[in-house]
Every structure is written in C-alpha cells, then in structure tokens.
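When we follow the working numbering, the leftmost residue of the sequence shown carries the number 19, and every step to the right adds one. For each residue, glycine too, the CB sits at the ideal point set by N, CA and C.
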Amino acid sequence: MNVKKEEISKVVKKAVDDVQIIDLHTHIFDLRFKDLLLWGIDDLLTYHYLIAEVMRFYDMPYDEFWKMTKTEQSNLIWKTLFIENSPVSEATRGVITVLKSVGLDPSKRDLEGYRRFFASKTVEEYVDLVFKTAHIKYAVMTNDPFVEDERKVWLKGGKPDPRFKSALRIDPLLVKWPNSYLKLKEWGYDVEEKLTEKTFAQIKRFLADWIDKMNPVYMAASLPPEFKTPSDNETALIIENAIIPVSYEKNVPFAMMIGAKKLSNPQLKLAGDSVGKADINTVEYLARMYPHNKFLLTMLSRENQHELVVAARKFRNIHVFGCWWFLNNPSVVDEITRERMEMLGVSFTPQHSDARVLDQLIYKWNHSKKVIADVLTDKYTDIANDGWALTEEEIKRDVEKLFGGEFEAFLKRKF
Ligand code: RAT
Ligand code: ZN
C-alpha cells in the first residue's frame, strides 16, 4: 500500500464511521405499528433470506416447516446454518455481526443466552440502541395502505417518531388491479375495473388522500422484470395516467424497484421470489417523457446495473439507489459501487438496508460501509497520485452526500 492510500483510508474510514445515515428503504416500523416491528434473535434467525438457505439442507415438505412455531423454525435455522455448517453466507454472517455489535459473544454459540438478552430489553430501549449503534439519522419505512394492520394505524394517526419516515407503497394498485379496485370501491372511491378517465381520477384522489395522510418521502412499487412502458396493460396505464401526474403535482417522487420475480417458488412464500433482467428502455422512456417528474430507481438484476447507470447519466430526473436484495452481498456491492462512482461521481445513493428486522440495520450498514469506504479510498488515491489535493472536509462532504445528502438534495430539486 502506498503512503497516500494509508492516510486516505484512515480519513475515509473515520468519515464513513461518523456519518449519520439516511436509510432510504427498509421494512421496519415505528412503535405505533406494535408487533409489525420485528426485532431480536428469533426474528433475525427466521428472516426470509435464511429460510431460503435452510431449506437447501432438507428434503422435508415445505408445509412441515411452515407448521413449526417461530421458535422451532429459529432453532432449526440456528442448528443447521450456524452449528452444522459455518455461517459464511452474507445473511448468516449478518446475525454474527449483530450479536457482536450489541455486546453478545458469538463464540459462545449460546442461543438460549441470546434469547434471554433480548427478552430483558424493552422495544423502546432497543430501538434507541440500534439507531445509535448503526448511526441512523432516519429510516424510510415501507407503508402499504392495502395491508389492513398498517391501514388501521394510519387511520388512527398518532405522533410519528422523527427517526422513521414513510413511503407510500402501491404494489397492489399496479400489479393486482382486478382485486385492488374492489378495495378502492369499498373505501369510497368510485372506480370500475375498466380503466376509464373517471377511474383514473379516482385513483389519483386515492393517492392524494394517502399522501396527505402519510406525508411520504416517495411512492414506491416493486415491479416485475417484464414491466414495460408504454403499454396498454394495467400497470403501465395506471403509472402514466395516475401515478405520474400525482407524483408531479404533490412533488413526491416515484420509486421504481424493478426486476423482482414474485413467487418463483410459491412453496417458499416470502422467501420464494427470484430475479429477472428488466428492460431499461422503460426507465428511459419514463424519464424522457416526464422530465419534470422525479424517479428513484433500483434494479434487482446485476445485468441491469451498467445500463441503469448510463440512463442516470442521461436523465438527471433519475436518482439511483441501493444494491437491492440479491445484490446486497459485499462482492456485488463493491462492483456496482465502483461502476456507479465511475460514471456518476457522488450523485447517487450507494446503499439502503432493506432491513426487515430492526437489528439488521446494524449489520447491513456495517458490511456495506466497509465496502463503500474501500471504493472511495481507491478513487481518492487515484486522483491524489495524479496530484489532486483533497481536504478532510471535502471527504466528509462527499461521504455525507453518498449516505443521504444527495438523496435529500434530489428531493428538493425542481426540474
Ligand atoms: O429484500 C426483501 O426483503 C424483499 O423481500 C422485498 O421486500 C423487497 O425488498 C421489496 O421491497 O419488495
Ligand atoms: Zn424491500
């Protein structure tokens, strides 16, 4: 290692360790949502990423697993993925990182002891501990008004915790219209299955009402690999005739998460989704047709990453974020972050956690921060060796942009 690199690495590491992170996509909830907020060892062990991994070691019918209690499932996952095999996968490694970070000793392999530790905590104190340990300024939730348990909380209101912000998630509206329109009707919106002008107007009213209720940072949907615009299917029509105009009028960006192949193995339930390559033309079409609209973009397929970065170079109304789901592995985060930085500088958000369990904020950020710091160190070293002089302040500034600053600046821009 040359001297410059060592020095730079220290400064970058400190800036990355100190930064207060904006986590712009998670599945955790604030305390108003009670049991919807998952936390602790048994929720960590029964994370759907680990369910997919454990089933590879057995030939038991899937139903047998689903019939087990959470504790039984978690015992099985611990025994299989941690004791009978070493926890070297990214999702298993994450559990080890959490244990160590909250002051437990992973070398003890003491599942019952870990359970006692979590049982001794209140959820309030644990939220404080996790946000402090992970250095999170705020986390954006995923809030789906079609989920009855979530809807109830919104209708009741209550004081929001500033560490949690909302995102209006609208998958059912876009990908399950033949069911969702019935719900809208039930809630007092005069819609019909046929997508008429009147129905679009009512969908817009529905979206505007929920934006007023939730004050979301953005609207979002997970879209399949075959998602295509322009097109005369329901998804495309609702996006162009309802989401896009409301997104513009309310100045709430539309986050498209493209490439999830839902229930590729239905027996695995939530753990059964897969990935497929999507069509970048769709992204470019929307950004070009609606230059005054803002789009947050993440794509699930590794094969889409390079062209997504190119699209973002061409369209400033696209903000690229995160290494999503199957991409959130150190080797892939490294590659994608380099690719993005080489073409976008610091005008993107390298990572979001996608945490489903509160504690995962700790490991997902701990692991990604190391990789992002390495990439930054290499890039700074290259320019320093060519004579560019960097200050610590500038490094801090860039790091803040990457961990949420650029995202917030994008939200404020008016194209
Ligand atoms: O990463 C995940 O946990 C997935 O199951 C999905 O929730 C995905 O992140 C999504 O937001 O659809
Ligand atoms: Zn997610």
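Checklist entry - Are at least three pairs of beta-carbons, each pair with one atom in the region 20-32 and one in the region 345-365, less than 8 Å apart? => result no
Next on the checklist: Under 8 Å: do the region 147-155 and the region 371-386 share three or more Cβ pairs, one atom per stretch?
Outcome noted: yes
Item to check | Top-ranked residue by Cα proximity to Asn178, from Asn233, Arg320 and Ile221 | outcome: Counting from one through the sequence shown, the residue named residue 178 turns up at place 160. First, the amino acid is wrong: residue 178 is Pro here, not Asn. Nearest option by C-alpha distance: Asn233.
Next on the checklist: I'd like the span of the alpha helix (DSSP H) that includes Thr89, first residue to last.
Outcome noted: As a working mapping, residue 89 is identified with position 71 in the sequence shown. Where Thr89 is concerned, the enclosing alpha helix (DSSP H) stretches over Lys88 to Trp96.
Checklist entry - Should Ser184 be listed as close to the ligand RAT, given that the test is whether its C-beta is under 8 Å from any heavy atom? => result Numbered from 1 along the sequence shown, position 166 holds the residue referred to as residue 184. Not under cutoff, so the answer is no.
Checklist entry - Roughly how many angstroms separate the alpha carbons of Lys295 and Thr367, rounded to a whole number? => result Within the sequence shown, residue 295 is the residue found at index 277, counting from 1. Within the sequence shown, residue 367 is the residue found at index 349, counting from 1. The alpha-carbon atoms of Lys295 and Thr367 are separated by roughly 21 Å.
Next on the checklist: Classify His337: buried if its beta carbon has 16 or more other beta carbons within 10 angstroms, exposed otherwise.
Outcome noted: Counting from 1 along the sequence shown, the entry for residue 337 is found at position 319. His337 is buried by the Cβ-count criterion.
Next on the checklist: Under DSSP, the beta strand (DSSP E) around His45 begins and ends at which residues?
Outcome noted: Mapped onto the sequence shown, residue 45 falls at position 27. Note, His45: premise wrong, no beta strand (DSSP E); not H, not E.
Next on the checklist: Please report the straight-line C-alpha distance between Lys388 and Pro190, rounded to a whole angstrom.
Outcome noted: As a working note, residue 388 is residue 370 in the sequence shown. As a working note, residue 190 is residue 172 in the sequence shown. The straight-line gap from Cα to Cα measures roughly 36 Å.
Next on the checklist: Using 9 Å as the threshold, is the C-beta distance between Asn322 and Ser386 below it?
Outcome noted: Walking along the sequence shown from the start, residue 322 turns up at place 304. Walking along the sequence shown from the start, residue 386 turns up at place 368. It is not a contact, given that the beta carbons lie outside the stated cut-off.
Checklist entry - So Met78 is in the beta strand (DSSP E); what residue range does that whole segment cover? => result Within the sequence shown, residue 78 is the residue found at index 60, counting from 1. From DSSP, Met78 is part of no beta strand (DSSP E); its letter is neither H nor E.
Checklist entry - Just to check, is the beta-carbon of Ser319 closer than 8 Å to a non-hydrogen atom of the ligand RAT? => result For the purposes of this step, residue 319 is identified with residue 301 of the sequence shown, where counting begins at 1. False, no ligand heavy atom lies under 8 Å from that Cβ.
Checklist entry - Between which two residues does the alpha helix (DSSP H) containing Ala238 stretch? => result Translated into positions along the sequence shown, residue 238 becomes position 220. Note, Ala238: premise wrong, no alpha helix (DSSP H); beta strand (DSSP E) at Met237 to Leu241.
Next on the checklist: In this structure, how does DSSP classify Leu315 when only helix, strand and coil are distinguished?
Outcome noted: Indexing the sequence shown from 1 puts residue 315 at position 297. Strand at Leu315.
Checklist entry - Hey, His45 and Ala273: beta-carbon distance below 9 Å or not? => result Taking the sequence shown and counting its residues from 1, one reaches residue 45 at position 27. Taking the sequence shown and counting its residues from 1, one reaches residue 273 at position 255. Contact flag unset, no.
Checklist entry - Is Met275 near the ligand RAT, going by C-beta to nearest heavy atom under 8 Å? => result Position 257 of the sequence shown, counted from the first residue, corresponds to residue 275. Under cutoff, so the answer is yes.
Next on the checklist: Is the separation between the beta-carbon of Ile40 and that of Gly340 shorter than 9 Å?
Outcome noted: On the sequence shown, residue 40 is found 22 positions in, with the first residue counted as 1. On the sequence shown, residue 340 is found 322 positions in, with the first residue counted as 1. Contact flag unset, no.
Checklist entry - Any heavy atom of the ligand ZN within a distance shorter than 8 Å of the CB on Asp61? => result Here residue 61 refers to the residue found at position 43 when the sequence shown is read from its first residue. Not so, every heavy atom of the ligand ZN lies at least 8 Å from the Cβ.
Checklist entry - How about Asp372: is its Cβ closer than 8 Å to a heavy atom in the ligand RAT? => result As a position in the sequence shown, residue 372 is number 354, starting the count at 1. Within the cutoff, so yes.
Next on the checklist: Could you check if His45 belongs to the surroundings of the ligand ZN, using beta carbon to heavy atom distance under 8 Å?
Outcome noted: Along the sequence shown, one-based indexing puts residue 45 at 27. Checking the Cβ of His45 against the ligand ZN gives yes.
Item to check | His370 in three-state terms, based on DSSP | outcome: The residue you call residue 370 lines up with position 352 of the sequence shown. His370: coil per DSSP, three-state reduction.
Checklist entry - Which of helix, strand or coil does DSSP assign to Lys31? => result By 1-based counting over the sequence shown, the position of residue 31 is 13. Note: Lys31 maps to helix in three-state DSSP.
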